[in-house]
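As structure tokens, the structure follows; a few thoughts come after it.
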Ligand SMILES: Cc1cc2nc3c(=O)[nH]c(=O)nc-3n(C[C@H](O)[C@H](O)[C@H](O)COP(=O)(O)OP(=O)(O)OC[C@H]3O[C@@H](n4cnc5c(N)ncnc54)[C@H](O)[C@@H]3O)c2cc1C
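This is how it looks when you write it as structure tokens:
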């Protein structure tokens, strides 16, 4: 079934009887060429590009719950390529380019909306740092614009420009950044992969790996053993506990990040606004809810829910930045488990076990990376070589001293 | 979360800052032959268990002592807290 404007009109006139499920629910086969563990954004994108771009025919995605039950269904949907360091920026810009063409590529409406992101500036030093970042962005063609205080006042007049502690002096804008519909991304990749023969198997938890003579032979699951020539693990916040089953420790701690949504309001916030100094960022969903969040809670957690101090901290940040938010009612808050790496940057690499590959360490920024992460992981799984934009994301970069530490805070995951 | 401070009783976790796995107390011997590998492991690799975790919390806005808190990372339930200095001295005996 292909989606098109014509199809929508036709179905509207014929009682919507022609829509079919977006993917099959096949029984697992005894073995595959490539098994992807984790049916989040990254796992599904990997399977999609494996089938579409790299022509892999026997691929399965094993998901312990339902598609979209992890972080891909919990994040605040911001996509951007405004990084600084050479190891990161080309990768995120590659991702942004894939976002720009995603809906054509998957024939699915993922509601990619390039409404722009503004990082606020409060001091001269911060302006210097953002000018440098903007230059790094322009070097890879990501585009960046330094905004003056007056320009900002015209764009987002509701901000508190004269906050005593953090007066707003300007901003760094990336116009191509924005948001996408998280569920639409899951469903688009899942449908696209399924259409090309990938078996997506839900309610199938990987409980162990079969490893003999240093080579992986398959995975033990809640639905029996499944053989595989190659296994790619993309389980985000569960990376530590899944890789422990292969006897590995990782340069990763799992932490909880919370997010919030208000009642639906008329359009007020033009794009994404980040107030890093106050641990707060916000955008407005197409339904009208203000979607916002702040920092991780800061202690190891697998609980998928946070605690009140961070709720308070985020809402204080919101009130300091845009006092009008105090009039909106909060509808919901929730949490997801972040795979916080030791330098705040991801890992896309093979492991020391032959045939076992790892995609992890996405911290709170893995949604925007979904297309490039899937593409680069598929490239690695299919060709055995890292994709050119992901070549720095090696597992051994820590011991070699090649950390990619955007924030410069060292091996302290709760500070990234 | 309320942390049962051994000297001060139940204290709000907001008074503390968090460092991480309590094994960070055991800094490797810099003169050992494989010190480089040991330090790399010490600085970067983590057990990161889903379940009971022993971890270091610093009572920054309190008596500025380091505690070893035992906590379940799947429920946030706090199972106990000891003074890190006692743990360290106990281990040395
Ligand atoms: C509150 C919040 C806000 C965020 N905001 C943003 C943002 O604005 N922008 C941004 O770029 N990023 C954001 N992120 C981060 C982003 O959501 C994640 O980095 C990204 O989704 C992780 O990749 P994933 O989609 O593959 O993860 P997931 O969707 O978590 O996928 C992993 C999957 O693996 C499955 N799994 C785990 N263990 C097993 C097993 N043993 N067997 C089989 N399957 C298993 C899980 O069930 C899960 O479905 C946010 C995250 C949170 C929680």
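Protein chains in written order, with our numbering: chain A, 883 to 1298; chain B, 3 to 95.
Glycine included, each C-beta is placed from N, C-alpha and C at the ideal position.
Taking only beta carbons into account, state which residues of the segment 1184–1196 of chain A come closer than 7 Å to chain B, listed in chain order. Answer in chain order: 1184, 1185, 1189, 1191.
Tell me whether the beta-carbon of residue 1257 (chain A) lies closer than 7 Å to the beta-carbon of residue 1012 (chain A). Contact flag unset, no.
Between which two residues does the beta strand (DSSP E) harbouring residue 1222 (chain A) extend? In the DSSP assignment, residue 1222 (chain A) falls within the unbroken beta strand (DSSP E) covering 1212–1223.
What's the gap between the Cα of residue 1290 (chain A) and the Cα of residue 1253 (chain A)? Here the C-alpha atom of residue 1290 (chain A) lies approximately 26 Å from the C-alpha atom of residue 1253 (chain A).
Please confirm if the segment 1105–1112 of chain A is in contact with the segment 908–917 of chain A, defined as three or more CB-CB distances below 8 Å between the two stretches. By the C-beta criterion, the segment 1105–1112 of chain A is judged to be in contact with the segment 908–917 of chain A, since at least 3 inter-stretch pairs fall below 8 Å.
Near-chain A residues of the segment 43–56 of chain B - C-beta to any C-beta below 7 Å: Answer in chain order: 45, 46, 47, 48, 49, 50, 52, 55.
Amino acids of chain A, ordered along the chain, whose beta-carbon sits closer than 9 Å to that of residue 64 (chain B): The contacting residues do not exist; residue 64 (chain B) stays about 15 Å from chain A at best.
Can you confirm whether the segment 1267–1283 of chain A touches the segment 992–1011 of chain A when touching is taken to mean that 3 or more C-beta pairs between the two stretches lie within less than 8 Å? Three or more beta-carbon pairs separated by less than 8 Å are not found between the segment 992–1011 of chain A and the segment 1267–1283 of chain A, which leaves the two stretches without contact.
Quick check on residue 27 (chain B) - is its C-beta less than 7 Å from some C-beta in chain A? No, no contact with chain A.
Do residue 70 (chain B) and residue 1293 (chain A) have their CB atoms nearer than 7 Å? No, the Cβ-Cβ distance between residue 70 (chain B) and residue 1293 (chain A) is not below 7 Å.
Is the beta carbon of residue 943 (chain A) closer than 7 Å to that of residue 929 (chain A)? Yes. Within cutoff.
Can you look up residue 931 (chain A) in the DSSP assignment and give me helix, strand or coil? Three-state DSSP puts residue 931 (chain A) in a helix.
Distance, Cα to Cα, residue 858 (chain A) vs residue 1224 (chain A)? With chain A covering only 883 through 1298, there is no way to say anything about residue 858 (chain A).
When the Cβ atoms of the segment 1140–1159 of chain A are set against those of the segment 1054–1073 of chain A, are three or more pairs found closer than 8 Å? With a cut-off of 8 Å, the segment 1054–1073 of chain A and the segment 1140–1159 of chain A count as touching, because enough Cβ pairs lie within range.
Could one say the Cβ of residue 72 (chain B) lies closer than 7 Å to chain A's Cβ atoms, at least one of them? Chain A contact via Cβ: absent.
Taking 6 Å as the cut-off, is the C-beta of residue 872 (chain A) nearer than that to any heavy atom in ligand 1? Residue 872 (chain A) lies beyond the range of chain A shown here (883 to 1298); nothing can be said about it.
Whole-number beta carbon distance between residue 1239 (chain A) and residue 1113 (chain A), since they are thought to touch under 8 Å: Taking 8 Å as the upper bound for CB-CB distance, residue 1113 (chain A) and residue 1239 (chain A) are in contact here, some 7 Å apart.
For residue 988 (chain A), verify whether its CB is less than 6 Å away from any heavy atom of ligand 1. No, since every heavy atom of ligand 1 falls outside the 6 Å radius drawn around the Cβ of residue 988 (chain A).
Can you say whether residue 1135 (chain A) is buried or exposed, counting buried as having 16 or more other CB atoms within 10 angstroms of its CB? With 16 or more other Cβ atoms inside 10 Å of its own Cβ, residue 1135 (chain A) counts as buried.
Leaving aside the five residues before and after residue 1099 (chain A) along the sequence, list all residues of the same chain whose C-beta is less than 6 Å from its C-beta, in chain order. If we look at residue 1099 (chain A) and ignore the five residues flanking it on each side, its Cβ neighbours are 1092.
Amino acids of chain A, ordered along the chain, whose beta-carbon sits closer than 8 Å to that of residue 7 (chain B): None at all; the shortest Cβ gap to chain A is about 16 Å.
Output, in chain order, the set of chain B residues within a Cβ distance shorter than 8 Å of residue 1246 (chain A). None at all; the shortest Cβ gap to chain B is about 17 Å.
In the DSSP assignment, the beta strand (DSSP E) including residue 1181 (chain A) goes from what residue to what residue? According to the DSSP assignment, residue 1181 (chain A) belongs to the beta strand (DSSP E) that extends over 1171–1182.
In angstroms, rounded to a whole number, what distance separates the CA positions of residue 948 (chain A) and residue 1103 (chain A)? Take the alpha-carbon of residue 948 (chain A) and the one of residue 1103 (chain A): they are about 15 Å apart.
From A:927, A:1255, A:1245, residue whose alpha carbon lies closest to that of residue 1082 (chain A): Minimum Cα distance to residue 1082 (chain A) is reached at A:927.
Using a Cβ-based criterion (distance less than 6 Å to any ligand heavy atom), does residue 946 (chain A) qualify as near ligand 1? Between ligand 1 and the CB of residue 946 (chain A), the shortest heavy atom gap is smaller than 6 Å.
Along the beta strand (DSSP E) that carries residue 20 (chain B), what are the first and last residues, could you check? Note, residue 20 (chain B): beta strand (DSSP E), 19–23.
Our contact map puts residue 8 (chain B) next to residue 62 (chain B) with C-beta atoms below 8 Å; I'd like the distance itself, whole angstroms only. The distance from the Cβ of residue 8 (chain B) to that of residue 62 (chain B) is about 17 Å, inconsistent with a contact at the 8 Å cut-off.
Using a Cβ cut-off of 9 Å, pull out every chain B residue sitting near residue 1280 (chain A), in sequence order please. Residues of chain B passing the Cβ test: 42, 45, 46, 47.
With burial defined as no fewer than 16 other Cβ atoms inside 10 Å of the residue's Cβ, what is the status of residue 1040 (chain A): buried or exposed? That one is exposed.
How big is the Cα-Cα spacing for residue 965 (chain A) and residue 1018 (chain A)? Their Cα atoms are separated by approximately 8 Å.
At what residues does the beta strand (DSSP E) containing residue 73 (chain B) begin and finish? Under the DSSP assignment, residue 73 (chain B) falls in the beta strand (DSSP E) whose first and last residues are 68–74.
Nearest residue (CA-CA) to residue 955 (chain A), options A:994, A:1137, A:1066, A:1272: Measuring C-alpha to C-alpha distances from residue 955 (chain A) to each of A:994, A:1137, A:1066, A:1272 identifies A:1066 as the nearest.
Sufficient close CB pairs (3 or more, under 8 Å) joining the segment 7–24 of chain B to the segment 974–989 of chain A: No: the two stretches stay apart, fewer than three of their Cβ pairs being nearer than 8 Å.
Does DSSP put residue 899 (chain A) in a helix, in a strand, or in coil? Residue 899 (chain A) falls in the coil class under three-state DSSP.
8 Å Cβ cut-off: residues of chain B touching residue 956 (chain A): Correct list: empty, because the minimum Cβ distance to chain B is about 17 Å.
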